[in-house]
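Right, one structure below, let's go through it.
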Amino acid sequence: MINTKSSASVILITAMLLIVGYLSMTTGLSSAPIFTQQSDLATSTAPTNVAPTIAPTVTQSGLQEPATLIGGRVWHGPASPTDPAEPTMTAEQREEFRRFARNLAICTEEEARDFVSNKLGDIDLVFGIAQRSTKDQILRWLKGQPQSDPSTETTSVLWVVGILASQPLTEAQYLGWMFPSSDPIDGKSTGIRDAVYVFTEDGAPVMVDRSRHVQRTVSQEHEPLADEEYIDALQAIGGLPEVPSQIEAFPDLDGLCLTARQ
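Numbered per our numbering, the sequence shown spans residues 1 to 262.
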């Protein structure tokens, strides 16, 4: 005969063991997520005074060109004519647009030289020369590099005018071209008489440089340059590859430079 007291004790002990085991198991499982959350927080927390590293976007707005290609080349002019290719434009409106564009455009070497003279104001020129070429060709010349074939590059069409003045240029006549947003002292002399002005076909200044930085024919650096030496250096502008007008590649502006200003 089975002792009922012993059987009850066994059953009670077994139940207690099962309960303790269950509690131990559930306690272990419930502690795991807590540990994981703490671990994730520890690895992702950073000091509040440390900012994320962000590479700055560097732009050069005076040199950067828009991506639009006009006639196969990048258009550099900030004041480019409005595209008139609209079906609502009448023939009279298109003709008015051509007149406006022609008065804006600089089409000939004479117009380019006059443009610089008018910009500089009261100045007596000993020599002046102009050429319409591309930005790449002009920069190559200024850096003393050999010219390339302009048909193999798509840089903007620009005018370059070289001058030699009888008197030194003022800050406004030289630095005012390079930094049109600055306020140079108008009457202060720069001490230089030669300059190379580069600008777009619609008359926006691009850069200014000096011809003697490209070519110097005297043997000693400290020797002064004669007018003939300045002129020899400037005459190299005439040897730059000549390219056709780019402003004429805008819609309805073909043959623009064949017409006279009004």
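We put the CB at the ideal spot given by N, CA and C, even for glycine.
1. Nearest to residue 189 by CA position, among 171, 195, 178, 196, is which residue?
2. My understanding is that residue 103 touches residue 261, with C-beta atoms under 8 Å, so please give their C-beta distance in whole angstroms.
3. Could you tell me which whole beta strand (DSSP E) segments of length 3 or greater appear in the segment 101-137?
4. Secondary structure at residue 162, three-state DSSP: helix, strand or coil?
5. Hey, residue 131 and residue 160 are a contact pair by Cβ (cut 8 Å); roughly how many whole angstroms apart?
6. Please state the DSSP three-state secondary structure of residue 200.
7. Between the beta-carbon of residue 162 and the beta-carbon of residue 196, is there less than 7 Å?
8. Which residues in the same chain have their Cβ closer than 7 Å to the Cβ of residue 113, if we skip the five residues on either side of it in sequence?
9. Kindly indicate which three-state DSSP category residue 189 falls into: helix, strand or coil?
10. Distance check for residue 202 and residue 173, CA to CA, integer angstroms please.
11. Is residue 210 near residue 227, with beta carbons less than 7 Å apart?
12. Just how far apart, CA to CA, sit residue 291 and residue 125?
13. Among residues of its own chain, excluding the 5 on either side of residue 168, which ones have a beta-carbon nearer than 7 Å to its beta-carbon?
14. Just confirm the distance between the C-beta atoms of residue 147 and residue 69, as a whole number of angstroms; I'd bet it's less than 8 Å.
15. Would residue 101 and residue 253 be called neighbours here (beta carbons separated by less than 7 Å)?
16. In terms of alpha-carbon separation, which member of 177, 251, 238, 134 lies closest to residue 121?
17. Would you report the Cα separation of residue 154 and residue 106, rounded to the nearest angstrom?
18. Would you identify the three-state DSSP class for residue 207, choosing helix, strand or coil?
19. Can you give me the C-alpha to C-alpha distance between residue 199 and residue 93, rounded to a whole angstrom?
Per the coordinate set shown:
1. 171
2. 5 Å
3. 125-134
4. strand
5. 6 Å
6. strand
7. yes
8. 128, 130, 161
9. strand
10. 19 Å
11. no
12. The displayed coordinates of the chain run from 1 to 262. Any statement about residue 291 would go beyond what the structure contains.
13. 189, 190, 191, 192, 193
14. That pair is no contact at about 22 Å.
15. yes
16. 177
17. 20 Å
18. strand
19. 28 Å
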